[in-house]
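Residue numbers (our numbering), protein chains in the order written: chain A, 1 to 304; chain B, 305 to 608.
C-beta atoms are modelled at their ideal positions from N, C-alpha and C, and glycine is treated no differently.
As the structure is a prediction and not an experimental result, all values here were calculated from the model.
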DNA sequence: TACGATCGTTGATTCCGGTTCAACGATGGG
DNA sequence: CCCATCGTTGAACCGGAATCAACGATCGTA
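Written out as structure tokens, the structure is:
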């Protein structure tokens, strides 16, 4: 960047005066004193090395150099203005296109309620709903092919909104397993059975949440075999190769006669909500998160 | 001018960081602290409403919005830089073309000495020498068709340099007039004879200098007829219609048998030098005035 | 695994320059 | 001739640009 760069106030003063050709009106338009205009113009002229305005006490007009400079600068300033306006529109405006996605069809209703409210609030912003799979959920967010995803927390390295869905954890065990006779189990039970592992693509933090390496009391949890998909992991459970803590919804959405579920009474709930790339935090995204929160708010008991 | 305009330092910081993608190097290049860079970028992002850079503690990269803005701004900033550079070149640079003029060929030698020295000092600046007439000298300066003129002082409303030529005043009288018998006369004599008047085109200040309305002691000076050119005025003198104070050079350059000249011992000398439009005070002009002063300096007696 | 090195962030503090203010000078009209 | 209108000038003021130092996060290494 060159050394001749002018300050914003210098350009603004010069161009306004070039337009008004009157110190008083220029000062008024810019909300400053005439003295200021005089100072700034003088300083500019000292920098340029020649008068930019020919001013008698009655009339102000541009010199040849002044006119040339004004003609050169005006479109550039307009251009910068435009560029910033576009950026603000992209960042702060709630227009254009927003791509949201769900992972596992049972979360779709929550997302669709959010889409409905968002579209009602911002009809000028076009929303696309996609479905992603476990393997491409993170890449889709990272390469920008989707803006938001409803997924289970924690979701490493992504920004996330407030939880939209919570559910109790249950332990998946083979049908007929002795544990199925218990009304509920403790997390401590994990130390006594191999635990089926999530695939490597899953983030470390997520795995630690679902299949911890230690029980709350610190006992090590034996690692069972690894499945590549959720269905595959349930199959490993059914085969008796291990147990697996899962969300309660699994009972409904993955109905399998060969797997049984036992509530875990001392595990925190699984939480799900919207996640997105930190760097993609635009007004569109923020507004969608807000709409999702509002649309899925738990209505307080006793209120209408 | 829109309200989204960025400060110079904001644009500079943003574009440098967009280029370096490293806070430390950016800070160093701009000669500020990394803390400053962080503050400025954060403020910008708050204004835009979305992140411009995606920064982990190890890598900094542009977001989509950031890249768009950088691509938009970069050429505009270059353009502004260029525009200012051109203006500075026009104002401060001693290049391009300079048009100088003389009025009355007897002043040409002084001008040509100046041209010679100026051209030696600034070979890259092309100098044109013109001759102007009384009637178009002022318009030529005002419309910019000439930059500088060597003329007699005072020259209303124009900037002027130091005097380059001085000469004693003499009184033009008809040949054979009684005053020709005196070795010299006083300005007071003007009260006793009608004085031929300069034409209306001449400035009031100039006329007051050459054909004053009162003598130094305050006696009124009778007005004689008006001539349209200098030759015509001398002819009026020859015809006995009045007298006229003129410069000594008139004796040599307007040799007329019907006019005689008597020195005026108590009149200040007539001074001539360069005049130019105040609004046209460029480095070229200043340099030419300097060259003219140097080239026509009276060499101090006793020095080499 | 703890440590050091590298980087970006943050909030209190400092200080420079953008801006005001008021007095002044110049010019033209009634 | 005086007043009104404008632009100029220099000193004084104050807000925000920039610093400074402490902190947190991340990665390589012994």
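{"Asked": "Short CB-CB distance (under 9 Å) between residue 604 (chain B) and chain A", "Found": "Confidence is the limiting factor: at residue 604 (chain B) the pLDDT is only 48, short of 50, which leaves the residue's position unreliable and the question unanswerable from this model."}
{"Asked": "Short CB-CB distance (under 9 Å) between residue 81 (chain A) and chain B", "Found": "yes"}
{"Asked": "Within 9 Å, strictly: CB atoms of residue 476 (chain B) and residue 578 (chain B)", "Found": "no"}
{"Asked": "Span separating the alpha-carbon of residue 200 (chain A) from that of residue 219 (chain A)", "Found": "23 Å"}
{"Asked": "Minimum length 3: unbroken beta strand (DSSP E) runs contained in the stretch 517-543 of chain B", "Found": "527-530"}
{"Asked": "Residue from B:342, B:335, B:370 and B:565 with nearest C-alpha to residue 352 (chain B)", "Found": "B:370"}
{"Asked": "Sub-9 Å separation of residue 552 (chain B) and residue 519 (chain B) beta-carbons", "Found": "no"}
{"Asked": "Closer than 9 Å at the beta carbon, the chain A residues around residue 372 (chain B)", "Found": "83, 86, 87 and 90"}
{"Asked": "Residue range of the alpha helix (DSSP H) that includes residue 483 (chain B)", "Found": "No alpha helix (DSSP H) contains residue 483 (chain B), which DSSP labels as neither H nor E."}
{"Asked": "Under 9 Å between C-beta atoms of residue 478 (chain B) and residue 421 (chain B)", "Found": "no"}
{"Asked": "Closer than 9 Å to chain B by CB, residue 72 (chain A)", "Found": "yes"}
{"Asked": "Stretch-stretch touch, CB-based, cutoff 8 Å, three pairs: the stretch 219-238 of chain A with the stretch 56-65 of chain A", "Found": "no"}
{"Asked": "Contact set between the stretch 577-599 of chain B and chain A, restricted to residues whose Cβ is under 8 Å from the partner", "Found": "581, 582, 583, 584, 585, 586 and 587"}
{"Asked": "Per-residue DSSP class, three states only, for residue 264 (chain A)", "Found": "strand"}
{"Asked": "Contacts of residue 6 (chain A) in chain B (Cβ-Cβ under 8 Å)", "Found": "312, 384 and 388"}
{"Asked": "Start and end residues, alpha helix (DSSP H) containing residue 379 (chain B)", "Found": "368-396"}
{"Asked": "Beta carbon of residue 409 (chain B) nearer than 9 Å to that of residue 432 (chain B)", "Found": "no"}
{"Asked": "Three-state class that DSSP yields for residue 596 (chain B) in the structure shown", "Found": "helix"}
{"Asked": "Which listed residue (B:423, B:397, B:430 and B:531) has its alpha carbon closest to that of residue 439 (chain B)", "Found": "B:531"}
{"Asked": "Below-9 Å beta-carbon distance, residue 362 (chain B) vs any chain A residue", "Found": "no"}
{"Asked": "Contact with chain A by residue 550 (chain B), beta-carbon distance below 9 Å", "Found": "no"}
{"Asked": "Rounded separation between residue 35 (chain A) and residue 388 (chain B) - CA only", "Found": "24 Å"}
{"Asked": "Close-in-space but distant-in-sequence residues of the same chain around residue 605 (chain B) (CB under 7 Å, 5 per side omitted)", "Found": "Per-residue confidence for residue 605 (chain B) stands at a pLDDT of 46, beneath the threshold of 50, marking its modelled position as unreliable; the derived number appears in the next sentence. Cβ within range, chain order: n/a, list empty."}
{"Asked": "Residue 65 (chain A) at chain B interface by Cβ criterion, 9 Å", "Found": "yes"}
{"Asked": "Distance, residue 333 (chain B) Cα to residue 373 (chain B) Cα", "Found": "21 Å"}
{"Asked": "Cβ of residue 351 (chain B) within 9 Å of any chain A Cβ", "Found": "yes"}
{"Asked": "Three-way DSSP call (helix, strand, coil) for residue 607 (chain B) in this model", "Found": "Any reading at residue 607 (chain B) is ruled out, since the residue's pLDDT is 41, under 50, leaving its predicted position unreliable."}
{"Asked": "Residue 317 (chain B) in three-state terms, based on DSSP", "Found": "helix"}
{"Asked": "Stretch pair the stretch 94-109 of chain A + the stretch 145-154 of chain A: three plus CB contacts closer than 8 Å", "Found": "yes"}
{"Asked": "Partner residues on chain B for residue 76 (chain A), Cβ-Cβ distance less than 8 Å", "Found": "380, 383, 384 and 387"}
{"Asked": "Euclidean distance between Cα positions of residue 208 (chain A) and residue 155 (chain A)", "Found": "12 Å"}
{"Asked": "Any chain B beta carbon closer than 9 Å to residue 51 (chain A)", "Found": "yes"}
{"Asked": "Any chain B beta carbon closer than 9 Å to residue 144 (chain A)", "Found": "yes"}
{"Asked": "Contact list for the stretch 157-186 of chain A against chain B, Cβ threshold 7 Å", "Found": "none"}
{"Asked": "Rounded separation between residue 335 (chain B) and residue 360 (chain B) - CA only", "Found": "24 Å"}
{"Asked": "Cβ-based burial, residue 178 (chain A) [other Cβ within 10 Å; buried from 16]", "Found": "exposed"}
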